[in-house]
Each structure stands twice: as structure tokens, then as C-alpha cells.
Amino acid sequence: MKILSAIFTVAVQLAIPLYAGAATPDPQQDEKYATELRRKVDQGDGDAALQIGNLLVRSRIPGPRYGSPITWFKKGCTLRSLPACHNVGVSYEQGRNGVNQDYAEATHYFLQAAERAFLPSMYNLAVLSAESKISAADSREGLKWMLVAQKSAVQCPESPTCKTVTDDPKGYRKQLESRLSSKEIRETYKMADDWRPRN
411 MKILSAIFTV
421 AVQLAIPLYA
431 GAATPDPQQD
441 EKYATELRRK
451 VDQGDGDAAL
461 QIGNLLVRSR
471 IPGPRYGSPI
481 TWFKKGCTLR
491 SLPACHNVGV
501 SYEQGRNGVN
511 QDYAEATHYF
521 LQAAERAFLP
531 SMYNLAVLSA
541 ESKISAADSR
551 EGLKWMLVAQ
561 KSAVQCPESP
571 TCKTVTDDPK
581 GYRKQLESRL
591 SSKEIRETYK
601 MADDWRPRN
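This is the structure:
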């Protein structure tokens, strides 16, 4: 189900690639670029691993030689690429790129990026909670992430995706608040105000 049209999408889009390649696929150029990216990954570059995963998703490089996108997204996440962690979460949310659907795993990877202030993952955690794809007991956590995401989205008002997070047209924030008492809502607002990103 589409939530937004770009990177703030639950179970549809992956994080925007850092390398999209030429408009017309050029296997020789893509292969050359992937070889360079692999060298960067070996030197600890998580975003290079993200880019290899994105090339595989788009069938721009051969799977038999490079493996599955999820392998590279996970490697990128281990090397601290927040979009790579997000992409692992989206892969588990949707059950693609070499993994089965698993909301607990999706949550685990979204959390890794959200805790380090990656807005798309914050928003995705709130949506998963609002849609009851993770335990209803997580409504406070879901509301916290929605509040933190909206606070972050205010900083990019020109972006249509940030505007959607701020406006919350599907009413996810209201859904989450409806499950909580007034006291719990007040406590959750304080949790969101006190939240600071992890290093």
C-alpha cells in the first residue's frame, strides 16, 4: 500500500539511490561502477554497499556475480549507512529483495535508522504501529516516532514528502492517539520532546 510517493513509503519504495546510472542501461559502465563500489565497500563505505544493492534491485548488474540486494543493504547498514538500514526494513516489510515478509525484522532495521534521526524510518515506524502491523502495545512508541518525524519534517517544508509527514493526510497520528489515555498522550509528547538521536 502506498503511503507516499518517494522515500517515505512503507513497503513500496526503497531509499533514493545515490547512483541511478545512465538513462539507458549500459552493462559495461554499470559493471565497471559496481567494481569500484565493491572496492569502496571493502574500505568500509556503507553508502557504496547501498548503491550496489540499488543496482541489483534495478537489474543493472548480474545477480549471480553480486548476490542479492538484501546482502548489500545489510552490509551497508552494518557500515552505518542509514538509507541501507531503511532499505533492509522496507525489504522485510514487503517481503522482497531476498527475504520473506517479517514485520519484527522490518521494525528492527527501521529502528536502527530512526534512532539516528533518519526521517523516513521514523515515519515508517509510526505507520507500522498505526496500521497494527506491530503490537498494539507499541502505540506510545508509534506516536512518539510520529511526533519526532513531524518535528523533523518541519525543517524541510519545500519537500512534498516532508509536507505529507507534517500534514499526515491519512490521520496516523489521530489513530495512534485514539488508542491512548490523555495521561499516556501527555507522557508520549514529553518522550518526543526529550528524544535525542543516538550517535
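For the sequence shown, the working numbering gives the first residue as 411, with consecutive numbering after it. Cβ coordinates follow ideal geometry from the N, Cα and C atoms, glycine included. Note that the structure is a prediction, hence the values are computed from the model and not measured.
Excluding sequence positions up to five away, which residues of its chain have a Cβ less than 6 Å from the Cβ of PRO479? GLY463, LEU466, VAL467, ASN507
With DSSP run on the structure shown, which of helix, strand or coil describes GLY581? coil
Q.
By the DSSP assignment, the alpha helix (DSSP H) with CYS495 in it spans what residues?
A. 492 to 504
Quick check: ASN497 and PHE520, are their CB atoms within less than 8 Å of each other? no
Where does SER569 sit, in a helix, a strand or coil, going by DSSP? coil
Rounded to whole angstroms, what is the Cα-Cα separation between THR598 and LEU557? 9 Å
query: Can a CB atom of chain D be found closer than 8 Å to the CB of GLU587?
result: In the displayed structure, chain D is absent; only one protein chain is listed.
Measure the alpha-carbon distance for ASN510 versus SER501 and round it to whole angstroms.
8 Å
Problem - LEU535 to TRP555 span [Cα, whole Å] - result: 7 Å
ALA416 (DSSP reduced to helix, strand or coil):
In this prediction, ALA416 scores a pLDDT of 32, lower than 50, which makes its location untrustworthy; no coordinate-derived value is stated.
- Item | Alpha-carbon spacing of ALA374 relative to GLY473, whole angstroms | In the structure displayed, the chain extends from 411 to 609; residue 374 sits before or after that span and is not available.
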